[in-house]
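Chains as they are written, first to last, in the numbering used here: chain A, 18 to 315; chain B, 4 to 845; chain C, 94 to 386. Glycine included, each C-beta is placed from N, C-alpha and C at the ideal position. Taking it in order: structure first as structure tokens, then the write-up.
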Amino acid sequence: MTVATSTGSSSTAGYYGQPIVAPHVWEDTIGWYFFTGGLAGASAVLASAADIAGKQRLATHARRAAMIGLVPSPLLLIADLGRPERFANMLRVVKPTSPMNIGSWLLAVFAPAAGGAWILGELGRLPTSTRMLGLVGAVTGAVVTTYTAVLVTNTATPAWHEAKGELPYVFAASAAGSAGATVTVLSAMSGRPDPIAVAVGAGGAVAEAIASTVMQRRLGDLSTYHSDAPTRRLDRLAKLLSIGGAVGLVAARQSRLRTSIAAAAVLTGSVCVRLAVLRAGTASASDPASVLRQQQRP
Amino acid sequence: MAENHPVGFQWVMEAKRRGATVIHVDPRFTRTSAVADVHVPIRPGTDIAFLGGLINRVLDTDSDFREYVVAYTNASSIISDDYVDAEDLGGMFSGWTPSTNSYDDASWAYRDRNVEASSGNRDDGGAATGERAGAHGGQHHEGQHDEGQHDTDDPTLQHPNCVFQILRRHFARYTPEMVAATCGIPRELFDRVADAIIENSGRERTGSFCYAVAWTHHSVGVQNIRTAAILQTLLGNIGRPGGGIMALRGHASIQGSTDIPTLYDLLPGYIPMPHADHGDTLEEFLDSAAADTGHRGAMASYTVSLLKAWFGDAATEDNDYAYGHLPRITGDHSTYQSILGMLDGTVDGFFVLGENPAVGSANAGMHRRAMAELAWLVVRDFQEIETAAFWYDSPEIETGELRTEDIATEVFLLPAAAHTEKSGSFTQTQRLLQWHDKAVEPQGDCRSDLWFFHRLGQLVRHRLARSTDPRDHPVLDLTWDYPTEGPYDDPDSEAVLAEINGWGPDGSPLSAYTDLRADGSTACGCWIYCGCRADGVNQPRRRRPGNEQSWVAPEWGWAWPANRRILYNRASADPNGVPWSERKKYVWWDDDQQQWVGEDVADFQVDKRPDYEPPDGAEGVEALAGTDAFIMQSDGRAWLFVPSGLKDGPLPTHYEPQESPIANPLYEQQDNPAMQRIDRPENPIAPSPGEPGHDRYPFVLTTYRVTEHHTAGAMSRNVDRLNELQPEMFCEVSPELAALQGLRHLDFATIVSPRAAIEARVIVTDRIAPLRLGDQVVHQVGVPYHWGSKGQVTGDSANDLLGLGLDPNVHIQDTKSQVCTIVPGRRPTGAARRRLVEEYRP
Amino acid sequence: MTVVDHQDLSVDASAPERVGFFTDTTVCIGCKACEVACKEWNELPSEVRGLTGHSYDNTVALDATHWRHVAFVEQPADVAVPDALADQLRAQASSMVWLMSSDVCKHCTEAACLDVCPTGSLVRTEFDTVVVQPDICNGCGYCVPACPFGVIGRDDHSGQAAKCTLCYDRLRSDRTPACAQACPTDSIQFGPLKELRERASQRLDELRGAGDHRARLYGHDEDDGVGGMGAMFLLRDDPEVYGLPPAPRTTTRDLASMWKSAFTAATALGVSIGAVVSVASLFTRAGRSGKRP
Ligand SMILES: Nc1nc2c(c(=O)[nH]1)N[C@H]1C(S)=C(S)[C@@H](COP(=O)(O)OP(=O)(O)OC[C@H]3O[C@@H](n4cnc5c(=O)[nH]c(N)nc54)[C@H](O)[C@@H]3O)O[C@H]1N2
Ligand SMILES: Nc1nc2c(c(=O)[nH]1)N[C@H]1C(S)=C(S)[C@@H](COP(=O)(O)OP(=O)(O)OC[C@H]3O[C@@H](n4cnc5c(=O)[nH]c(N)nc54)[C@H](O)[C@@H]3O)O[C@H]1N2
Ligand code: SF4
Ligand code: SF4
Ligand code: SF4
Ligand code: SF4
Ligand code: SF4
Ligand SMILES: [Mo]
């Protein structure tokens, strides 16, 4: 016979199944910030490209889209701080080892650039300055869409850290998708949906779905996208909305209504991707077994 | 020890680092077991069988330290021919008197002489007296030299009635098989322990035992320790460095409270409390109480000095030094007797200081019912403890057995100052006095106990000031003039220490108890503490670090008596005064200096040569030879066999606890015949094996402490730091018992004894394994006793479960080995709770 | 405005020797004096959470209000033998093991928490220890998932991160950290890290010599994944049994590769959007020119 082992003894993985590394303490607002930041960044890129290509109508809409993303970003960021009143401390130092710190500096450059470009663009004054500011916005904006990936992958959370190669692409694609979708709607409001925006939106959304699938594959037994129920649900939803939205955008043709619905789908999908990442992280860090698997990898 | 004396335990770990083998004997696998080399799971209440087994092994294999045994123990003494051992009386000894349910110890005496117990109970009038043994001293030593005379003493240890042979016969049946069948200790494990202790004894090595209430809290508490004493003496481990038996005491200064006792039958320094039958005069008292040999011979000086300290000028030669002022005892007035007195209405008032009996005392329910019968109750504590709240918040109120409106007891709850708020000394395990200074003034109305009693005394004396009634004289004659200090007129505790230390004719502090006189010229509050303020210096306050002095560290605090760190240390040298070995040298005879020298203060007349022979008719210390190392014993020998002074036999004998799941495997006699039984409706006892209804309480119930909490809990259950660490009342059971009774980890269970039903969260753990006795498996339920209804965290009290059956020598309760049953789920509340208990009772 | 990198404020010549802990769990008696002493000295709140059933551990883990944590692990001599023998063996509970170990912040040489801290609130002190500056921390929470040991936490009440300071205030006045001071058995040994490393190896040899083959050191290797720990441990079992990561790694070490993929991804974003726009404009031009033969 085998004598039942005491329940007082740590039979489950690790120490009574307690996490070995601490799960992140962030709220969904951070996921939303990843989204708005991505939207703003990618829109700025699109705006600048359109501006250079002389597509002023597209550029204007893209600059507006950037502002739509930009305005709430800091608010969302601050909202998640334990001591919001000390937000400014983010810029107390320049710290290359801290993606969050670098990100703050990026935003500090990106925001005025994109903002300036928007104002001048709306006023239709100083086209060269507008273009220069736009360019700065585009360069920083592009990084704004992906630094958040570095932020989460530079942690001890296995499902995050081990996705360091793929997550930036997921975020970049997702950002493009959301930017395209937003601009599509804006353009649709004032006339007909811009085909370039549609292309960017649909393309981004599809790329996002592909990238995140690849990421989950590479994560293998560290992926919590399937093992963890809430993550799985969000992930499925994200893919559904992104692909569906992409198809919708293309199929919608001139219809404002259908365009808006499709765009909404792409945007929601893009939000779900970010929230899924947060959930996946929580699940991953909470599971001592996955930390052990990660560390026992060759 | 790791659980309850963690700070002291650091030295055990230190010893382990240096290669010592640490053995832990405990039914449960505790924090101590975790770091011990060997853990020996034992059935609660069977230590005598286990230690007896070891004694048997030592004698069987001639592993005793023979030279030591012959020279320093009473192994060679020949016992009266009337003596009959438990061997031949089914577990009883000769002298049993059914009419009184007690022993007459006459037949246990040394052949042809009487000896005086060096301590022990005198609450009956008839402590052995009679012919003084000055003569015996002589005989005894002739015996040693003239081989012809073997009438009282046989150094060859061959005489069939010599202690050594009696010992052999008595312990012969304590075989490893018997140990396994009684204690549940497997043979291999027993052998391992036996080998370890034998290897660690002798000239080169020593071993020591530490114990606390796992040995004392039994109906055979004293005999448990006696068994260890026999073993250690046979192995030559007494009076030598690294040897001994350490009583790990409990409350801070609980040692101090036996030295300067809160015990009814003792005066300070273990002077027996006068008994009504001891006669009215000091002479009669001394006659009956003082033996003529050993230091007890100075009893007169100690007693007179004590009376001078207490009554000052009112104590004169003509009035017998006010000896008449001392109260008399007429029998057993111990705690539990007093509780019965409350129930019977013979005790009206009750002072509770530094105690919380409503949670801490065995059969707490009986205690609470008793307090409900009091006229008044005074509780001094830090907060409203259960004892002060029993009249409106207690299980009895909840079940309706007591109704607040029926309780007439007037309860006074007074705020006490804590040890940090007053200065004073603690006396710990090693008889070491350590002084602590007040850190802060007490808050609000809190006052020290010293302040309280001093003030109370002043008020009483004021009321009686004009009284002419002789019965008031003792109170009025007391010296009650302590200087006070601080914002609250706190009596100066240093002044109290000064009185305890004592002074000579010129009022200057005495430096040693040897200065005490019986002519009224000296005053001393406690002779064994005499010298703690030598030269007017507060010796207990000394704090010289160990690394700045010898390894014995004589300048850390002050140890009684005479700052001696190891008692009977004369035995650390051989009969000729030469250390048994270089490795273990401690105190030895220096021929050049013609005195005893060494690491410690010699526990011997410093200039008495090893070859000193007492002249015929010598008295007092003079009657002790240069080899009589155990100077507190009337015959100067360590007593393997106790000819007088014990209530339950001259030799330890395994008896089952009052409540036990099994029949005594060793003797017909089931439990301690001399046990003090409390046969009352408030104290129902489970049937013994064979009796009807015995199977209703199939499991062994044992109670204990956890590191995170302290005793009855008031000091820890109000500290969130500790509550966080150990938040809830729980009980511990083995996976096997859990399976048997359907108990689930962390669920509630109800534990039922003949007295009560309590609930606790279940902790299923391998740390409390079932014990196999032959073909029988004994399951245990372990319960910490820290919880009650007051404080930050509350829970049922283990003590509601326990029944009373007391050790006859010291009247202590058994908290370690009782019986119960355990079932899943929470207990019923209200009257249903009471009914549940009654349903289980046969 | 200062530029700081992860080897920051510390190492200047005048700085005192690096100090830390060697926790010898083989002599730990689980008295929890360290936990209490830490809370007392650092005035951390206590919260009664109820019985966990994890042996005698009811505080579960290190977090913002538990800077010392004593783990308890019961390891039964789990016997798979015929019934007859079973109880016999079980009776010899001496064969069971009860591990106790007091965990604490490792004060890593390459401290991930410090690396990722965006405000510079986490700093390295003159004693080469890692501390949070409460007046600077803005509660961003980044250090929490960054720590490879799950040591640091964000306190719900203060909203700030908190962890062992190695009793910085006591070190400043040449006093032993409260936990080490309180430890009765010297399970927690405090001192210059170099000496402690020595002592740790000696102790290991001692135990191995005495035939204790379960004994092993943790955090003793200076080139481990965190560049060496300021708190090392002598364990009786695998680290994970005590809730410690077997191969902790400061993820900042991969920062370069992480930024690289971030930049490539960003570039890819720019390029593809650029591509779409220019391709589109090509079409439209082509369209116009098409209308003009
Ligand atoms: N943390 C803490 N320390 C304390 C106290 C406290 O409450 N908390 N109380 C203080 C006081 S007042 C005292 S008296 C001491 C008491 O100190 P201890 O005597 O150590 O106290 P217990 O825990 O009651 O009992 C010790 C062990 O006896 C075991 N045991 C039970 N029955 C038997 C038996 O028949 N034989 C043997 N060999 N073992 C048995 C129990 O499993 C328990 O582990 O501790 C003092 N120190
Ligand atoms: N089941 C079971 N019962 C047991 C035991 C067991 O092992 N098992 N052990 C027994 C033993 S060994 C003991 S010692 C007892 C202890 O049991 P008790 O002595 O009844 O309980 P304590 O909680 O120690 O009570 C001490 C009280 O004194 C108060 N106090 C502390 N300092 C001072 C002071 O300076 N002045 C005053 N006036 N009050 C003060 C504290 O607040 C506390 O309420 O329990 C006994 N009961
Ligand atoms: S509580 Fe006090 S007396 Fe008891 S072990 Fe700790 S320090 Fe010693
Ligand atoms: S253990 Fe964690 S919290 Fe402590 S220094 Fe290392 S990374 Fe920071
Ligand atoms: S929570 Fe405080 S300490 Fe932690 S990273 Fe953010 S700012 Fe630094
Ligand atoms: S060093 Fe100080 S802060 Fe750190 S755990 Fe020990 S006591 Fe707590
Ligand atoms: S104080 Fe020492 S012995 Fe006690 S738990 Fe902490 S580390 Fe272990
Ligand atoms: Mo006690």
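{"Query": "DSSP state of PHE174/B mapped onto helix, strand, coil", "Result": "helix"}
{"Query": "Any chain B beta carbon closer than 8 Å to CYS393/C", "Result": "Not covered by the structure: residue 393/C. The range shown for chain C is 94 to 386."}
{"Query": "Proximity below 8 Å, CB of ALA271/C to CB of ALA130/C", "Result": "yes"}
{"Query": "ASP351/B and ALA378/B closer than 8 Å at C-beta", "Result": "yes"}
{"Query": "Chain-order list of residues whose beta-carbon lies under 6 Å from that of LEU285/B (same chain, five-residue window excluded)", "Result": "ASP323 and TYR326"}
{"Query": "Which of helix, strand or coil DSSP assigns to GLY716/B", "Result": "coil"}
{"Query": "Heavy atom of ligand 6 within 7 Å of CYS272/C beta-carbon", "Result": "yes"}
{"Query": "Simplified DSSP assignment, three categories, for THR76/B", "Result": "strand"}
{"Query": "Three-pair Cβ contact test at 8 Å for the region 206–214 of chain A versus the region 360–375 of chain C", "Result": "yes"}
{"Query": "Stretch-stretch touch, CB-based, cutoff 8 Å, three pairs: the region 93–101 of chain B with the region 666–682 of chain B", "Result": "yes"}
{"Query": "Cβ-based contacts, 9 Å cut-off: residues of the region 282–295 of chain C near chain B", "Result": "none"}
{"Query": "Chain A residues whose Cβ lies nearer than 7 Å to that of LEU348/C", "Result": "THR114 and ASN171"}
{"Query": "Residues near LEU749/B in its chain [Cβ-Cβ closer than 8 Å; skip 5 each side]", "Result": "ARG764, VAL765 and ILE766"}
{"Query": "Every unbroken beta strand (DSSP E) within the region 95–176 of chain A, with a cutoff of 3 residues, ordered by chain", "Result": "none"}
{"Query": "Three-state secondary structure (DSSP) of ASP723/B", "Result": "helix"}
{"Query": "Residue nearest to LEU348/C in terms of C-alpha spacing, selected from ALA269/A, PHE127/A, VAL169/A and THR276/A", "Result": "VAL169/A"}
{"Query": "Beta-carbon gap between ILE45/B and ILE188/B smaller than 8 Å", "Result": "yes"}
{"Query": "Near ligand 2: THR710/B beta-carbon under 7 Å from a heavy atom", "Result": "no"}
{"Query": "Option in PRO113/A, PRO116/A, VAL283/A and SER207/A with minimal Cα separation from ILE260/A", "Result": "VAL283/A"}
{"Query": "Nearest to GLU183/A (by Cα), restricted to the options TRP352/C, CYS121/C, VAL364/C and VAL369/C", "Result": "TRP352/C"}
{"Query": "Partner residues on chain A for MET351/C, Cβ-Cβ distance less than 7 Å", "Result": "VAL167, THR170, ASN171 and LYS181"}
{"Query": "Environment of LEU328/C [buried if 16+ CB atoms lie within 10 Å]", "Result": "buried"}
{"Query": "ALA184/C at chain B interface by Cβ criterion, 8 Å", "Result": "Residue confidence is low: ALA184/C scores 45 on pLDDT, short of 50, so the model does not pin down where it sits. Its coordinate-derived value is still stated next. ALA184/C counts as touching chain B."}
{"Query": "Proximity test, PRO34/C beta-carbon vs ligand 4 heavy atom, cut-off 7 Å", "Result": "Limits of chain C in this structure are 94 at one end and 386 at the other, which puts residue 34/C out of reach."}
{"Query": "CB contact below 8 Å: GLY312/C versus chain A", "Result": "no"}
{"Query": "Whole-number beta carbon distance between GLN679/B and HIS1/B, since they are thought to touch under 8 Å", "Result": "With chain B covering only 4 through 845, there is no way to say anything about residue 1/B."}
{"Query": "Within 9 Å of chain B by C-beta, residues of the region 110–137 of chain C in sequence order", "Result": "THR119, VAL120, CYS121, ILE122, GLY123, CYS124, LYS125, ALA126, GLU128, VAL129, LYS132 and GLU133"}
{"Query": "Close beta carbons around HIS336/B, own chain, < 7 Å, minus the five adjacent residues each side", "Result": "TYR267"}
{"Query": "Through-space distance from GLY86/A to GLY138/A, alpha-carbon basis", "Result": "17 Å"}
{"Query": "Check: ALA421/B C-beta below 7 Å from any heavy atom of ligand 2", "Result": "yes"}
{"Query": "8 Å Cβ cut-off: residues of chain A touching SER374/C", "Result": "ALA70, GLY71 and LYS72"}
{"Query": "Top-ranked residue by Cα proximity to GLY447/B, from ILE58/B, ILE201/B and PHE385/B", "Result": "PHE385/B"}
{"Query": "Inter-residue Cα distance where the pair is THR165/A and ASP331/C", "Result": "35 Å"}
{"Query": "Three-way DSSP call (helix, strand, coil) for MET732/B in this model", "Result": "coil"}
{"Query": "LEU329/C at chain B interface by Cβ criterion, 8 Å", "Result": "Per the sequence shown, the amino acid found at residue 329/C is Arg instead of Leu. ARG329/C does not count as touching chain B."}
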